[in-house]
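Number of protein chains: 2
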Amino acid sequence: MTTLKDIAKACGLSITQVSRALNNHKDVSEETKIKVSEIAIQMGYVKNMSAQRLAMQISNQIALVVKGIEDENELMEYNSVYPILCGSTKYATQHNYEIAMYIIQDDIKSYVKYFQQKGIGKAILFGFEYNDIRFLELLESHYTCVCIDIPIEKENKGCVITDNTLYASYAVEALIKSGKKNVAMINGKSQAIVSIEREAGYLVALRNHNLEHRQKYIFDGNFDRVKAESLTFQIMKDYPDINGFFCASDYMAMGCMNALQALGKKIPQDVGVIGFDNIPMSRFIKPSLSTVSQNDFNKGYEAAKLLIGICENSTNTNVTRLSCSLEIRQSI
Amino acid sequence: MTTLKDIAKACGLSITQVSRALNNHKDVSEETKIKVSEIAIQMGYVKNMSAQRLAMQISNQIALVVKGIEDENELMEYNSVYPILCGSTKYATQHNYEIAMYIIQDDIKSYVKYFQQKGIGKAILFGFEYNDIRFLELLESHYTCVCIDIPIEKENKGCVITDNTLYASYAVEALIKSGKKNVAMINGKSQAIVSIEREAGYLVALRNHNLEHRQKYIFDGNFDRVKAESLTFQIMKDYPDINGFFCASDYMAMGCMNALQALGKKIPQDVGVIGFDNIPMSRFIKPSLSTVSQNDFNKGYEAAKLLIGICENSTNTNVTRLSCSLEIRQSI
DNA sequence: CTGAAAGCGCTTACAG
DNA sequence: CTGAAAGCGCTTACAG
Numbered sequence: 002m003t004t005l006k007d008i009a010k011a012c013g014l015s016i017t018q019v020s021r022a023l024n025n026h027k028d029v030s031e032e033t034k035i036k037v038s039e040i041a042i043q044m045g046y047v048k049n050m051s052a053q054r055l056a057m058q059i060s061n062q063i064a065l066v067v068k069g070i071e072d073e074n075e076l077m078e079y080n081s082v083y084p085i086l087c088g089s090t091k092y093a094t095q096h097n098y099e100i101a102m103y104i105i106q107d108d109i110k111s112y113v114k115y116f117q118q119k120g121i122g123k124a125i126l127f128g129f130e131y132n133d134i135r136f137l138e139l140l141e142s143h144y145t146c147v148c149i150d151i152p153i154e155k156e157n158k159g160c161v162i163t164d165n166t167l168y169a170s171y172a173v174e175a176l177i178k179s180g181k182k183n184v185a186m187i188n189g190k191s192q193a194i195v196s197i198e199r200e201a202g203y204l205v206a207l208r209n210h211n212l213e214h215r216q217k218y219i220f221d222g223n224f225d226r227v228k229a230e231s232l233t234f235q236i237m238k239d240y241p242d243i244n245g246f247f248c249a250s251d252y253m254a255m256g257c258m259n260a261l262q263a264l265g266k267k268i269p270q271d272v273g274v275i276g277f278d279n280i281p282m283s284r285f286i287k288p289s290l291s292t293v294s295q296n297d298f299n300k301g302y303e304a305a306k307l308l309i310g311i312c313e314n315s316t317n318t319n320v321t322r323l324s325c326s327l328e329i330r331q332s333i
Numbered sequence: 002m003t004t005l006k007d008i009a010k011a012c013g014l015s016i017t018q019v020s021r022a023l024n025n026h027k028d029v030s031e032e033t034k035i036k037v038s039e040i041a042i043q044m045g046y047v048k049n050m051s052a053q054r055l056a057m058q059i060s061n062q063i064a065l066v067v068k069g070i071e072d073e074n075e076l077m078e079y080n081s082v083y084p085i086l087c088g089s090t091k092y093a094t095q096h097n098y099e100i101a102m103y104i105i106q107d108d109i110k111s112y113v114k115y116f117q118q119k120g121i122g123k124a125i126l127f128g129f130e131y132n133d134i135r136f137l138e139l140l141e142s143h144y145t146c147v148c149i150d151i152p153i154e155k156e157n158k159g160c161v162i163t164d165n166t167l168y169a170s171y172a173v174e175a176l177i178k179s180g181k182k183n184v185a186m187i188n189g190k191s192q193a194i195v196s197i198e199r200e201a202g203y204l205v206a207l208r209n210h211n212l213e214h215r216q217k218y219i220f221d222g223n224f225d226r227v228k229a230e231s232l233t234f235q236i237m238k239d240y241p242d243i244n245g246f247f248c249a250s251d252y253m254a255m256g257c258m259n260a261l262q263a264l265g266k267k268i269p270q271d272v273g274v275i276g277f278d279n280i281p282m283s284r285f286i287k288p289s290l291s292t293v294s295q296n297d298f299n300k301g302y303e304a305a306k307l308l309i310g311i312c313e314n315s316t317n318t319n320v321t322r323l324s325c326s327l328e329i330r331q332s333i
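Protein chains in written order, with my numbering: chain L, 2 to 333; chain X, 2 to 333.
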């Protein structure tokens with residue numbers, strides 16, 4: 002392995018000067034810089050990051066910390082993590098940071114301890130539940146964190162969020178405009194912040210159109226396709242006048258559509274359905290599913306940007322809002 | 002930040018002894034170990050990995066190096082990387098290794114240099130093309146590597162593979178047994194080793210059933226859904242007696258089915274289709290797609306296991322063979 | 001513009 | 001079972 006020492010010897014310079022030349026410090030002659038960098042390349046020099054970090058007492062590492070998926074079956078589905086990782090990596094690499102991924106298991110007692118142990122200093126957080134006490138403890142810590150999809154704004158903490166409420170309202174409005182006035186909502190897990198926001202959007206849309214909003218038209222589908230399917234059977238039995246479904250996820254929308262089709266309902270003629278997420282297969286099912294699309298790659302990119310901004314004190318806001326787009330397809 | 006020095010002072014011991022105690026060396030009294038670890042926890046000590054790596058001239062880090070996806074649209078599809086990462090992480094964590102992900106861009110000139118720069122010592126490789134010269138150079142290097150899906154066996158190199166040929170032959174045989182004797186194959190990129198193997202399997206199945214195999218029945222779909230779709234139109238026009246399609250990926254099978262349905266063919270009555278991969282949506286399309294299923298999580302798990310085995314000299318084979326399973330659904 | 005030297009936090013061969 | 005000391009490869013304050 003070539004080190005600064007080797008280069009110094011080869012150049013007839015001191016290690017100090019070689020270091021400065023390679024790091025492009027001002028107080029080194031152009032001539033020296035050129036000579037040093039040529040020899041460095043020639044000798045195949047590679048900086049030892051561990052040594053640099055130790056010397057500089059810093060780390061240019063950004064942790065992408067993701068709540069691990071326990072259920073192996075779930076891993077066989079589309080998952081946002083990889084696109085987010087790609088986005089973060091792109092921005093980070095461009096700015097001389099590194100992304101290190103950590104998949105955190107649910108049996109970890111304290112996230113703060115985990116950060117300590119792993120030597121994580123700054124992190125992008127994804128997949129956490131907003132009311133998990135370990136997560137809340139982390140938000141009280143001194144670590145610099147950017148949360149994806151969870152609104153938070155405080156010292157050293159930021160977030161990248163999409164306006165779920167707004168886009169949920171757009172989705173429901175699209176349904177209403179297509180002529181469906183009796184719209185039920187199948188919502189996700191109640192501990193998920195997106196569920197709360199999407200429900201709010203649903204209510205906004207009804208209010209905007211002077212439609213009665215009844216709490217009993219909102220159901221908890223737990224982000225589960227199968228549960229949404231059985232719920233739909235029950236709902237259509239109890240409230241046969243329902244002619245529109247807003248589902249908080251595409252998977253639930255698929256379950257819902259399955260039930261409707263089993264009941265002999267025509268989509269969208271009899272009942273309209275709109276989802277949320279724009280998972281890959283939403284384009285391909287029959288009828289193709291209308292939904293709200295988010296750009297996961299971009300979420301990762303913006304999260305890295307914001308985190309670095311916070312660390313380097315070069316941002317004046319700790320909240321990045323991303324927009325979505327409504328994908329209208331055959332199901333409404 | 003608490004360092005060994007602080008703990009040493011607090012314990013009234015030398016730094017040396019504290020280091021040894023914390024690393025559970027044999028030649029430290031039980032008593033000392035307990036005292037030191039208690040104080041370390043109390044003081045919130047966290048090992049500085051940079052310093053350790055610098056001192057030990059090593060890393061317990063396993064790099065998961067993945068060929069980056071250039072096309073952002075592709076990121077919106079099911080992707081094996083995250084399941085593989087989860088699998089690797091599981092095994093690695095259990096054995097005190099860390100996984101660091103590296104997404105390598107296509108514009109990198111030399112992978113060997115990249116490894117050097119990043120300080121990667123051992124890696125799991127996924128998504129590379131077997132005839133990429135940069136990849137071949139890497140295989141000649143001293144780095145310990147385990148390749149996923151690319152057969153290789155030599156000093157410091159291993160692989161986790163599935164028997165594509167065998168399972169491709171099973172898939173085609175299933176098609177034949179369902180009564181389709183004129184089977185065409187839509188293959189993937191010719192630079193992918195899996196394409197070569199799956200094609201071999203196709204030929205094996207034909208031979209086993211004494212069916213004529215004509216080279217002109219094999220088409221290059223480049224793993225592209227749209228291309229497979231247009232190919233299928235052409236194929237059915239040129240060879241209207243074809244009544245079975247073996248596609249080297251589910252996405253291509255979807256394109257193929259689309260074309261067939263547009264042509265008014267009934268699946269599976271008129272034409273049978275079988276894919277490869279078992280992507281999530283293959284279960285959901287109509288008719289549901291028969292295919293070959295692989296377990297990506299397991300691939301990652303086994304890759305980490307093999308890599309650590311090679312590093313620690315505790316394996317007697319450098320090749321791990323994983324089995325697949327045939328998922329017979331409505332499309333044949 | 002350049003260099004000698006100290007220091008980052010850890011590990012380990014050597015000596016006891 | 002324990003400690004003093006050297007060393008990993010880099011950066012930078014200090015001095016010239």
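From the three backbone atoms N, C-alpha and C, an ideal C-beta is built for every residue, glycine too. The structure presented is a predicted model; accordingly, all values stated were derived computationally and were not measured.
Counting only residues of its own chain and dropping the five nearest sequence neighbours on each side, X:L86 has a CB closer than 8 Å to the CB of L65, I100, M102, G301. Apart from the 5 residues on each side of it in sequence, X:I243 sits with its Cβ closer than 8 Å to the Cβ of N183, V184, A185, Y218, I236, M237, V272 in its chain, given in chain order. If you ignore the 5 residues before and after L:F224, its C-beta comes within less than 6 Å of the C-beta of G189, K190, S250, all in its own chain and listed in chain order. At a cut-off of 8 Å between beta carbons, L:Y92 makes no contact with chain X. Take X:S294, set aside five residues on each side of it, and the residues of its chain with a beta-carbon closer than 7 Å to its own are N279, C325, S326, E328, in chain order. Taking C-beta atoms under 8 Å as the contact rule, L:T145 and L:I311 qualify, at a distance of about 6 Å.
Taking C-beta atoms as the reference points, X:F277 and L:M282 fail to come closer than 8 Å. Between L:V274 and L:A260, the C-beta spacing is not below 8 Å.
L:Q262 and X:L137 have their alpha carbons spaced roughly 53 Å apart. Sequence-distant partners of X:I194 (beyond 5 residues in either direction) whose C-beta falls short of 6 Å from its own C-beta, in its chain, are Y131, I151. L:T17 is positioned such that its CB atom lies no closer than 8 Å to that of X:I104. One thing to note: X:A169 has its Cβ no nearer than 8 Å to the Cβ of X:I333. X:R54 has a beta carbon lying within less than 8 Å of a beta carbon in chain L. For X:K10, the uninterrupted alpha helix (DSSP H) run begins and ends at 5 to 12, by DSSP. The Cβ atoms of L:F220 and L:L212 do not sit closer than 8 Å to each other. Residues of the region 263 to 277 of chain X with a C-beta atom less than 8 Å from some C-beta of chain L do not occur. Within the region 21 to 109 of chain X, the runs of alpha helix (DSSP H) at least 4 residues long that lie entirely inside it are, in chain order, 31 to 43, 50 to 57, 82 to 95. If you keep only unbroken beta strand (DSSP E) runs of at least 3 residues inside the region 204 to 273 of chain X, you get 219 to 221, 245 to 248.
Taken residue by residue, none of the region 132 to 146 of chain L has a beta-carbon sitting less than 8 Å from a beta-carbon on chain X. Separation of the CB atoms of X:P269 and X:P241 is rounded to 17 Å, and the pair is thereby denied contact status at 8 Å. Spanning the alpha carbons of X:R226 and X:T292 requires a straight line of approximately 15 Å. According to the DSSP secondary-structure assignment, X:A124 is paired through a beta bridge with X:A64, X:C146. L:R135 carries a helical assignment under DSSP once its states are collapsed to helix, strand and coil. Here the alpha carbons of L:S81 and X:N74 stand approximately 13 Å from one another.
The alpha-carbon of X:L140 is positioned some 7 Å away from that of X:K158.
Per the C-alpha coordinates, the member of L:H96, L:E154, L:I121, L:Y171 positioned closest to L:A206 is L:Y171.
Counting along the chain, the unbroken alpha helix (DSSP H) around L:A305 starts and ends at 297 to 312. Going by DSSP, L:S170 is part of no beta strand (DSSP E) but of the alpha helix (DSSP H) stretching over 165 to 178. The three-state reading of DSSP puts X:L327 in strand, counting E and B together. In chain order, C87 make up the part of chain L whose C-beta sits under 7 Å from the C-beta of X:G69. Contact between L:I125 and L:A305 holds, with the beta-carbon distance rounding to 7 Å and staying under 8 Å.
X:F116 and X:T316 have their alpha carbons spaced roughly 24 Å apart. The continuous beta strand (DSSP E) containing X:S294 extends over residues 292 to 294. Here the C-alpha atom of L:C160 lies approximately 20 Å from the C-alpha atom of L:N61. According to the DSSP assignment, X:N188 belongs to the beta strand (DSSP E) that extends over 184 to 188.
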